[in-house]
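To start, the structure itself, in structure tokens.
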Amino acid sequence: MRLYHYFLALMILVLSLITSACGSPQITPPVESIDVQIYADGKEYKINIPAGSTVQNVLDAAGVNLEGKDRVEPRASTTLQTGMIIQVIRVEEIFETEQEIIPFRVIRLPNESLPEGKEQWLQEGKNGLKEITYLKTLENGVEVSYDIVGSAIIQERVDEIGLIGSQNYLSPINLPGRLVYLSYGKAWMMEGTTANRSLIVATGDLDGRVFTLSDDGEWLLFTRQSDSEDVINTLWAAQIDGDEERMIDFGIENVIHFGAWLPGSNREAAFSTVETRSSPPGWQANNDLRTREFDLNGWTHRVSYPLDTNYGGVYGWWGTDFAYAPGGEFLAYVGPDQLGIVDLEAEEKQPLLEITPYQTRGDWAWMPGIAISPNGDVIYTVDHAPPEVEGDAEKSPIFDLVVIPVGGGAPIRLVPEVGMFAYPKTSQVQTLASGERAHQIAYLQANFPKQSEKLSYRVAVIDRDGSNQRIIFPPLEQPALEPQRHWGVWSPAGVDSTSGQFLALIYQDDIWIVNTVTEEAWQITGSGEVLRVDWK
Numbered sequence: 106m107r108l109y110h111y112f113l114a115l116m117i118l119v120l121s122l123i124t125s126a127c128g129s130p131q132i133t134p135p136v137e138s139i140d141v142q143i144y145a146d147g148k149e150y151k152i153n154i155p156a157g158s159t160v161q162n163v164l165d166a167a168g169v170n171l172e173g174k175d176r177v178e179p180r181a182s183t184t185l186q187t188g189m190i191i192q193v194i195r196v197e198e199i200f201e202t203e204q205e206i207i208p209f210r211v212i213r214l215p216n217e218s219l220p221e222g223k224e225q226w227l228q229e230g231k232n233g234l235k236e237i238t239y240l241k242t243l244e245n246g247v248e249v250s251y252d253i254v255g256s257a258i259i260q261e262r263v264d265e266i267g268l269i270g271s272q273n274y275l276s277p278i279n280l281p282g283r284l285v286y287l288s289y290g291k292a293w294m295m296e297g298t299t300a301n302r303s304l305i306v307a308t309g310d311l312d313g314r315v316f317t318l319s320d321d322g323e324w325l326l327f328t329r330q331s332d333s334e335d336v337i338n339t340l341w342a343a344q345i346d347g348d349e350e351r352m353i354d355f356g357i358e359n360v361i362h363f364g365a366w367l368p369g370s371n372r373e374a375a376f377s378t379v380e381t382r383s384s385p386p387g388w389q390a391n392n393d394l395r396t397r398e399f400d401l402n403g404w405t406h407r408v409s410y411p412l413d414t415n416y417g418g419v420y421g422w423w424g425t426d427f428a429y430a431p432g433g434e435f436l437a438y439v440g441p442d443q444l445g446i447v448d449l450e451a452e453e454k455q456p457l458l459e460i461t462p463y464q465t466r467g468d469w470a471w472m473p474g475i476a477i478s479p480n481g482d483v484i485y486t487v488d489h490a491p492p493e494v495e496g497d498a499e500k501s502p503i504f505d506l507v508v509i510p511v512g513g514g515a516p517i518r519l520v521p522e523v524g525m526f527a528y529p530k531t532s533q534v535q536t537l538a539s540g541e542r543a544h545q546i547a548y549l550q551a552n553f554p555k556q557s558e559k560l561s562y563r564v565a566v567i568d569r570d571g572s573n574q575r576i577i578f579p580p581l582e583q584p585a586l587e588p589q590r591h592w593g594v595w596s597p598a599g600v601d602s603t604s605g606q607f608l609a610l611i612y613q614d615d616i617w618i619v620n621t622v623t624e625e626a627w628q629i630t631g632s633g634e635v636l637r638v639d640w641k
């Protein structure tokens with residue numbers, strides 16, 4: 106039995122060997138390879154590598170490294186095929202600097218205090234110096250770009266500034282009171298006659314946001330541009346009379362819409378402020394009202410806040426304008442959507458007129474002008490889109506001159522379709538031939554009332570009851586007037602009704618005096634660039 110088992114095991118072993126010998130032979134297939142070329146550092150490499158290799162595999166096999174901004178074409182992750190060429194591009198960046206002269210400018214400013222044609226140089230010009238940094242990029246030793254990556258001013262240029270006389274060609278006329286105007290960043294004054302003019306603020310940085318005389322004509326309140334990127338302007342006052350120049354820094358920044366003397370005062374000013382922003386229009390209004398008083402020694406008192414910072418409505422970002430009644434009886438306010446009276450005791454606004462905001466489709470808001478009658482009983486302004494207007498009221502082209510009784514009552518439409526930039530101004534009280542004491546309203550009348558954004562206007566006057574409406578300047582054959590918020594001012598002294606009252610207005614960047622009765626007009630400046638005018 107044991108012999109049988111041994112024989113069976115031997116037979117199984119023999120059969121296994123026979124079966125194994127009869128099976129198919131195992132053959133390892135050869136590995137497929139491809140030929141590629143590498144160009145790097147001015148050399149050519151020919152390499153045979155396994156199929157399926159990437160560009161990076163080839164670089165590693167050839168011992169070629171990429172550094173910095175070097176690159177390879179095709180990309181390192183590309184799978185290669187036979188016959189492909191690999192190009193290694195060595196990138197080198199070199200910074201270079203050079204200095205460039207900044208030539209000074211020659212600036213000639215017309216000056217009416219000098220005879221015509223005479224020159225007077227105020228400042229010698231000097232060139233500036235700028236250092237420019239370039240980035241030169243080389244690829245395999247060949248320059249492919251040369252770009253400016255920075256610049257710095259090493260020395261500021263100094264412009265050559267001179268005055269050139271423009272005095273003789275304008276005939277002088279007599280003037281009541283003092284007329285001040287802003288031109289080329291400086292404040293000038295005419296007194297008694299247009300031939301008698303003097304420079305009262307020579308800093309050259311007045312921006313025109315605020316520019317107003319005190320009631321007695323002794324002090325000028327104004328704003329100056331700031332060199333700081335975070336400050337738009339600063340508020341100042343200058344004494345006109347005196348043996349030595351006296352200027353007061355109120356220590357107040359960013360006054361855009363409103364700045365004025367308190368009625369009857371030449372030591373206390375009221376103003377409204379904004380916060381600067383990098384986005385248009387460059388500010389966010391506070392819609393506040395503040396006052397500050399100063400002493401002759403230059404000390405300023407603490408700021409008072411009759412109206413604290415507030416939202417100001419949907420268009421509060423643009424701001425609010427204010428106006429004191431001539432006698433100081435009340436303070437009116439106006440914004441893009443509302444006009445009213447400020448209750449200074451309660452520190453709140455009392456609306457008198459709800460205004461439909463105008464959709465400007467821009468980064469500015471339309472805001473009507475505001476004018477108060479000499480005795481403070483009515484307010485004149487421009488209303489947008491009266492109730493009878495059909496369609497989208499905010500897009501309406503209809504703007505009417507209206508009068509609002511301060512003591513109560515509905516607004517009265519004085520002149521329909523005057524245009525959005527009418528900006529009414531009230532005259533001083535004058536005594537008529539009948540003995541009646543009355544005043545007039547001057548405003549800008551759009552030549553195309555339903556397209557009044559086109560900035561084509563003429564000066565019109567009207568009696569307080571809406572009668573005697575007339576266009577007085579410029580004549581129809583002359584170019585139209587471009588409107589601005591502070592386009593003009595009435596003469597300070599009332600005259601009899603036969604000779605008329607006078608308007609000083611800005612036309613083509615110069616000042617013109619217009620008689621509102623005879624419609625005679627005289628140009629009294631010739632230097633151009635007049636931004637503001639006031640007359641007390």
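Per this note's numbering: the sequence shown ends with 641, consecutive numbering throughout.
Glycine is no exception: its CB is placed at the ideal position from the N, C-alpha and C atoms.
Note that this is a predicted model, so its numbers are computed, not measured.
Residue closest to residue i, alpha-carbon to alpha-carbon, out of the options
i, options, result
"Val249", "Val196, Val163, Glu205, Gly290", "Val196"
"Arg314", "Asp497, Ile278, Pro277, Asn359", "Asn359"
"Gly514", "Ser572, Pro580, Gly445, Ser384", "Gly445"
"Ser288", "Pro281, Val306, Asn279", "Val306"
"Val523", "Phe553, Gln535, Ala498, Val508", "Phe553"
"Asp633", "Pro215, Leu610, Ser561, Arg382", "One point to set straight first is that residue 633 is Gly, not Asp, in the sequence displayed. The shortest Cα separation from Gly633 among Pro215, Leu610, Ser561, Arg382 belongs to Pro215."
"Ile190", "Leu164, Trp404, Ile460, Leu367", "Leu164"
"Trp592", "Gln606, Phe607, Ile616", "Ile616"
"Gln613", "Phe607, Leu636, Ser182", "Leu636"
"Ser377", "Ala300, Trp422, Arg262, Asn573", "Trp422"
"Thr414", "Ala609, Asn392, Glu178", "Asn392"
"Ile517", "Asp400, Lys641, Leu458", "Leu458"
"Pro479", "Arg590, Pro597, Glu201, Phe200", "Pro597"
"Arg590", "Asn573, Ile576, Gln628, Val638", "Val638"
"Thr461", "Pro502, Glu541, Gly282, Leu340", "Pro502"
"Ala145", "Gly270, Leu240, Ile194, Arg407", "Ile194"
"Ile357", "Gly369, Arg382, Leu367, His406", "His406"
"Glu499", "Val507, Trp404, Tyr463", "Tyr463"
"Ile629", "Glu261, Ala342, Pro277", "Pro277"
"Leu171", "Gln192, Glu434, Pro155", "Gln192"
First and last residue of the uninterrupted alpha helix (DSSP H) at residue i
i, result
"Asp165", "160-167"
Supposed contact pair residue j and residue i - C-beta distance, whole angstroms, cut 8 Å
i, j, result
"Leu185", "Val160", "6 Å"
"Ile546", "Pro529", "5 Å"
"Tyr562", "Ala585", "6 Å"
"Ala527", "Val483", "Not confirmed; about 16 Å, so no contact."
"Val564", "Leu549", "6 Å"
"Glu373", "Asp346", "Glu373 to Asp346, Cβ: 19 Å. No contact."
"Val511", "Gly474", "So it is not a contact: roughly 17 Å between Cβ atoms."
Span of the beta strand (DSSP E), counted from its first residue to its last, around residue i
i, result
"Ile576", "575-578"
"Leu395", "The displayed chain sequence assigns Arg, not Leu, to residue 395. Where Arg395 is concerned, the enclosing beta strand (DSSP E) stretches over 394-398."
"Glu149", "148-155"
"Trp388", "388-390"
"Asp468", "Taken as a continuous stretch (DSSP letters only), Asp468 belongs to no beta strand (DSSP E), as it is neither H nor E."
"Gln533", "Careful: Gln533 lies outside any beta strand (DSSP E) and carries neither H nor E."
"Phe526", "Unbroken run through Phe526: none, as it is neither H nor E."
"Met352", "352-358"
"Val263", "Here Val263 belongs to no beta strand (DSSP E), and DSSP marks it neither H nor E."
"Asp321", "From DSSP, Asp321 is part of no beta strand (DSSP E); its letter is neither H nor E."
"Asp615", "615-620"
Per-residue burial, residue i [other beta carbons within 10 Å of its own, 16 or more giving buried]
i, result
"Gly451", "As written in the sequence, residue 451 is Ala, which differs from the Gly given in the question. Per the 10 Å Cβ criterion, exposed."
"Asn371", "buried"
"Val247", "exposed"
"Thr621", "buried"
"Asn153", "exposed"
"Trp471", "buried"
"Thr623", "exposed"
"Trp595", "buried"
"Arg329", "buried"
"Ala490", "buried"
"Gly188", "exposed"
"Thr536", "exposed"
"Asn301", "exposed"
"Ile206", "exposed"
"Glu201", "exposed"
"Ala626", "buried"
"Pro588", "buried"
Does the region 292-302 touch the region 249-267, meaning 3 or more C-beta pairs lie closer than 8 Å?
no
Should the region 418-438 be regarded as contacting the region 357-372, the criterion being three or more beta carbon pairs within less than 8 Å?
yes
Any contact between the region 391-408 and the region 350-358? By contact I mean 3 or more CB pairs, one from each, below 8 Å.
yes
Measuring CB atoms only, is the region 225-233 touching the region 174-183, in the sense that at least three cross pairs come out at less than 8 Å?
no
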